[in-house]
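One structure is given here, and the rest of the page talks about it.
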Amino acid sequence: MLKVTGVKDSNRSQLNSEYDEQGYFVIRNYFNAAEILALREVVSKFHELWKEDNAEFYREEAFNSSVITGIEYLECDDRLTLFNFISSKKMMDVVESVIPANPAFMNTQLFFNPVNPQQKDFWHRDCQYDHEVEQQKIAVQETQVVHLRVPLFDELGMELVPGTHKRWDNEEEFNVRQEIKGKVSSDSLSTGLVINLAAGDLLVFSADMIHRGLYGMDRLALDILVFDPEGDFADYVDDACLPSIAMLDKIDDPRLFMSTLDLKAQC
Numbered sequence: 005m006l007k008v009t010g011v012k013d014s015n016r017s018q019l020n021s022e023y024d025e026q027g028y029f030v031i032r033n034y035f036n037a038a039e040i041l042a043l044r045e046v047v048s049k050f051h052e053l054w055k056e057d058n059a060e061f062y063r064e065e066a067f068n069s070s071v072i073t074g075i076e077y078l079e080c081d082d083r084l085t086l087f088n089f090i091s092s093k094k095m096m097d098v099v100e101s102v103i104p105a106n107p108a109f110m111n112t113q114l115f116f117n118p119v120n121p122q123q124k125d126f127w128h129r130d131c132q133y134d135h136e137v138e139q140q141k142i143a144v145q146e147t148q149v150v151h152l153r154v155p156l157f158d159e160l161g162m163e164l165v166p167g168t169h170k171r172w173d174n175e176e177e178f179n180v181r182q183e184i185k186g187k188v189s190s191d192s193l194s195t196g197l198v199i200n201l202a203a204g205d206l207l208v209f210s211a212d213m214i215h216r217g218l219y220g221m222d223r224l225a226l227d228i229l230v231f232d233p234e235g236d237f238a239d240y241v242d243d244a245c246l247p248s249i250a251m252l253d254k255i256d257d258p259r260l261f262m263s264t265l266d267l268k269a270q271c
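See below:
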């Protein structure tokens, strides 16, 4: 597991190789305290307003929210702060180590601990929410959606099954993920690997590998989702999460968002 304080050109091939083989990599202490504090302030504004607006859902079942960069809860300046963080050189260095050609922005998600104590962390592949089993098998082989997770506080982290971004479930994994043959999705997997995370770390992982977030501690993690433009994902992108044309001029490096806007214009 690579542990560096920044990404140089010489590191990109190593990151690419690690992602290609394992489906994830971690860079420890990638963001400094000031960067995390500034991000935390903006994200916390969103989170508090979102909780007020979704009080019943939050109390009963929620463990994440999305469209953090949207217009519903944040003012223009705060949205710009997020857009500039997402497309910063630090982030783009990492994004382009995995998707070298014209990566595109998909969305943001915020992960937190559920209020309901009955809820347990659960194994899944993101593609299972859009596809039946046979289509999931194709998605694992063909699609390229990447999560970049930025924990805003120290947390228990994630549990991943390395290599499942390229291979299908074994019998144990399938039974647990599909909740069949007496298994439930919160059961332990013998193939799982726990990745503890601290504020300042960056975890990059495939959306379609088998994974689960681990509830507990002060869990509040911002996920940035990006995709390969060769994939057919533009229709998945909510217009509300993208910057306006006028805002693009205020973003230091708008390529990630322009790629998405170009793809959506072709739909």
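Per my numbering, the sequence shown starts with residue 5, numbered consecutively.
Glycine included, every Cβ here is placed at the ideal spot set by N, Cα and C.
Owing to the predicted nature of the structure, the values given are computational and were not obtained by experimental measurement.
How would you label residue i, buried or exposed, when you count the other beta carbons within 10 angstroms and need 16 or more for buried?
i: PHE261; result: buried
i: PHE61; result: exposed
i: ALA143; result: buried
i: LEU229; result: buried
i: ASN68; result: exposed
i: SER192; result: exposed
i: ALA225; result: buried
i: ASP81; result: exposed
Between which residues of its own chain and residue i is the CB-CB distance below 6 Å, once the five residues before and five after are set aside?
i: GLU146; result: none
i: GLN270; result: none
i: SER17; result: none
i: CYS131; result: GLN140, ALA143 and ASP212
Roughly how many whole angstroms lie between the Cα atoms of residue i and residue j?
i: LEU197; j: LYS187; result: 19 Å
i: MET5; j: ILE103; result: At MET5, the pLDDT of 38 sits below 50, so the modelled position is not reliable and the matter cannot be decided from this model.
i: PHE50; j: ILE72; result: 7 Å
i: ILE43; j: LEU86; result: Note on identity: in this sequence residue 43 is Leu, with Ile being the wrong assignment. Looking at the two C-alpha atoms, the distance is approximately 7 Å.
i: LEU265; j: VAL46; result: 24 Å
i: ILE255; j: ASN88; result: 6 Å
i: LEU84; j: ARG223; result: 24 Å
i: GLN113; j: LYS185; result: 32 Å
i: ASP24; j: GLN148; result: 11 Å
i: ILE75; j: GLU183; result: 38 Å
i: LEU246; j: ALA108; result: 11 Å
i: SER1; j: ASP57; result: The displayed coordinates of the chain run from 5 to 271. Any statement about residue 1 would go beyond what the structure contains.
Within a Cβ cutoff of 7 Å, which residues of the same chain sit near residue i, ignoring the five residues on either side of it in sequence?
i: TYR219; result: ASN117, PRO118 and ASP125
i: TRP172; result: LYS141 and VAL144
i: ALA106; result: Note that residue 106 is Asn in the sequence shown here, rather than Ala. The residues are PRO233 and SER263.
Please list, in chain order, all residues of the same chain as residue i whose beta carbon is under 8 Å from its beta carbon, the five residues on each side excluded.
i: LYS55; result: TYR62
Measuring CB atoms only, is the region 207 to 215 touching the region 145 to 153, in the sense that at least three cross pairs come out at less than 8 Å? yes
Is it a yes or a no for the region 188 to 202 touching the region 155 to 173, going by three-plus beta-carbon pairs under 8 Å? yes
Curious, which full-length beta strand (DSSP E) runs of at least 3 residues does the region 34 to 80 contain? 68 to 70
Which complete alpha helix (DSSP H) runs does the region 86 to 111 hold, if anything under 4 residues is left out? 93 to 102
Give, in chain order, every unbroken run of the beta strand (DSSP E) that is at least 3 residues long and sits entirely within the region 215 to 266. Every beta strand (DSSP E) of 3 residues or more that sits fully in the region 215 to 266 is shown, in chain order, as 215 to 217 and 224 to 231.
Only counting runs of 4 or more residues, tell me where the alpha helix (DSSP H) segments fall wholly within the region 106 to 161, in order along the chain. 137 to 146
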